[in-house]
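> There's a structure below that I have some questions on.
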């Protein structure tokens, strides 16, 4: 009986030892030089990306500034054109008013001359 118990206990310990998870294989360790080179490459890529982004932002700002400047020039030209049109319209209105005044003055002069001629003419009676 003692032999049987000893055999069962030995079997139990042996089974328990095999039932444990196998020892994990260590991950492959990269040499320090490779890790350092990878880090340097990643840092360089990040710097390059930042430079590209900065250049794009600068180009966009320059483009926007040029568009605003062009829009301001167009607006100034529109204002100048509107002022020129208003000025020429004012000149036309002034010329029409002057013409109308001259016409009225001539008509008044003709009317006055007709009155003096009628008043100065002798009246004939039969």
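In the working numbering, the protein residues as written are 27 to 152. Glycine included, every Cβ here is placed at the ideal spot set by N, Cα and C.
(1) DSSP three-state call for residue 56: helix, strand or coil?
(2) Residues in its own chain within less than 7 Å of residue 22 by CB, not counting five upstream and five downstream?
(3) Return the CA-CA distance between residue 100 and residue 131, expressed in angstroms with no decimal places.
According to the data block:
(1) For the purposes of this step, residue 56 is taken as residue 30 along the chain shown, with counting starting at 1. Residue 56 falls in the coil class under three-state DSSP.
(2) For the chain, the structure presents residues 27 to 152; residue 22 sits outside this window and is missing.
(3) Position 74 of the chain shown, counted from the first residue, corresponds to residue 100. Position 105 of the chain shown, counted from the first residue, corresponds to residue 131. Each residue's Cα considered, the two are about 46 Å apart.
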